[in-house]
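Student: Numbering follows UniProt numbering, in which position 246 of the sequence shown is assigned residue number 246; successive positions increment by one, without gaps.
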Amino acid sequence: MNAPTTMTQLLPEVDHRHLDALEEEAIFILREVAGAFERPGLLFSSGKDSCVVLHLAEKAFKRKLSAAGERPRFAGKLPFPLVHVDTGHNFPEVISFRDERIAEMGERLIVGHLEDSMKRGTIRLAHPLESRNGHQTVTLLETIEEHRFDCMIGGARRDEEKARAKERIFSHRDSFGQWQPKEQRPELWNLFNTRIKPGEHFRAFPISNWTELDVWLYIEREKIPLPHIYYTHKREIYRRKGLLVPVTDVTPPDASDVIETVDVRFRTVGDMTCTCPVESDASTTADIVAETLQVTVSERGATRMDDRTSEASMERRKKEGYF
1 MNAPTTMTQL
11 LPEVDHRHLD
21 ALEEEAIFIL
31 REVAGAFERP
41 GLLFSSGKDS
51 CVVLHLAEKA
61 FKRKLSAAGE
71 RPRFAGKLPF
81 PLVHVDTGHN
91 FPEVISFRDE
101 RIAEMGERLI
111 VGHLEDSMKR
121 GTIRLAHPLE
131 SRNGHQTVTL
141 LETIEEHRFD
151 CMIGGARRDE
161 EKARAKERIF
171 SHRDSFGQWQ
181 PKEQRPELWN
191 LFNTRIKPGE
201 HFRAFPISNW
211 TELDVWLYIE
221 REKIPLPHIY
231 YTHKREIYRR
241 KGLLVPVTDV
251 TPPDASDVIE
261 TVDVRFRTVG
271 DMTCTCPVES
281 DASTTADIVA
291 ETLQVTVSER
301 GATRMDDRTS
311 EASMERRKKE
321 GYF
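1) Quick one: grab the DSSP three-state call for Y238.
2) Grouping DSSP H, G and I as helix and E and B as strand, with all else coil, what is residue 326?
3) Give the C-beta separation of L217 and L19 to the nearest angstrom, bearing in mind that I take them to be a contact with Cβ-Cβ under 8 Å.
4) What are the start and end residues of each continuous beta strand (DSSP E) run of 3 or more residues lying completely inside the stretch 207-282, in chain order?
5) Taking the continuous beta strand (DSSP E) assigned at L43, which residues delimit it?
6) Rounded to a whole number of angstroms, what is the C-alpha to C-alpha distance between L54 and I27?
7) Compare the C-alpha of D263 against each of L244, D257 and T275 and name the closest.
8) Does the beta-carbon distance from S46 to D159 come in below 8 Å?
9) Taking 8 Å as the threshold (C-beta atoms), are L82 and L109 in contact?
10) Between E200, P198 and H172, which has its C-alpha nearest E187's C-alpha?
11) Of the choices D150, E70 and P72, whose alpha-carbon is the least far from that of R195?
12) One question on the structure: do K48 and Y230 come within less than 8 Å of each other, judged by their Cβ atoms?
13) With a threshold of 16 other CB atoms inside 10 Å of the CB of D287, please say whether the residue is buried or exposed.
14) Answer with buried or exposed for L78, where buried requires no fewer than 16 other C-beta atoms within 10 angstroms of its C-beta.
15) Check whether the Cβ atoms of I207 and V52 sit closer than 8 Å, and answer yes or no.
16) For the putative contact between F202 and F170, defined by C-beta atoms under 8 Å, what is the C-beta separation to the nearest angstrom?
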């Protein structure tokens, strides 16, 4: 009879050659961005994907100081600033993590506040508790225009959602920030056409070819720090339409909702009004790898309320300039 084996015991035996290939491709893309564009920026939301892209950027442009198995430490500066679109409805734990990481790295952070767009009148909410996730597009485009960014680096992956599966690694955006699926440029043999006209820009996605499992395997291997809400913790929730809605100031329960305290973790992090956790007792990255091996629904499909409005909701938002 075989003795039980834990994921922690198995992970050191995993063949990491596919991660090495993905890492090499991502670093190549990041260096292409730095070489091809004058004013790029790296979108940093403190989510797991953006933390991975930030780590890859540090590997691409900095000198590593930490030894294998230690929390990563680097010397030097990135050739572009970090950019965050703050809706004002972000999880406090995520904003705290963002500020700690920026202070630790000593990098420049540009924050586009949705509240500022509301004050300018470019965003108008139907009611105070309306989800601000879709409205981020306006603030993002205003931030791009203000700082004259010609390429924004993001952490989107093709396995997340149908519309993202259509998009190229270098995604051209017109002078209105719009994405046209039928006008994408070919990327044969990793040759990228980065020519743009005045007012246009690109979005670049270095981890397009990664999966959720790849991300967690890489986080485990590289010891990349994340906000603690990615790991199991107790949180008050109520159940609605098959989702666990967190109890917050902007997602208050109705009188008929039953509030429970459940062990949960977040598979993805976004606006509090549309991001839900999943039940989980995974307290380590090894535990999360084991869970990810068994899931049948992508993290957006399992946790994002805004993606359930229609089959084409993400594609519509991307055409308007969304991430």
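Glycine included, each C-beta is placed from N, C-alpha and C at the ideal position.
Tutor: On the basis of the data shown:
1) strand
2) Missing from the structure shown is residue 326; the chain here goes from 1 to 323 and no further.
3) 6 Å
4) 233-240, 243-246 and 260-265
5) P40 to L43
6) 11 Å
7) L244
8) no
9) yes
10) H172
11) D150
12) yes
13) buried
14) buried
15) yes
16) 6 Å
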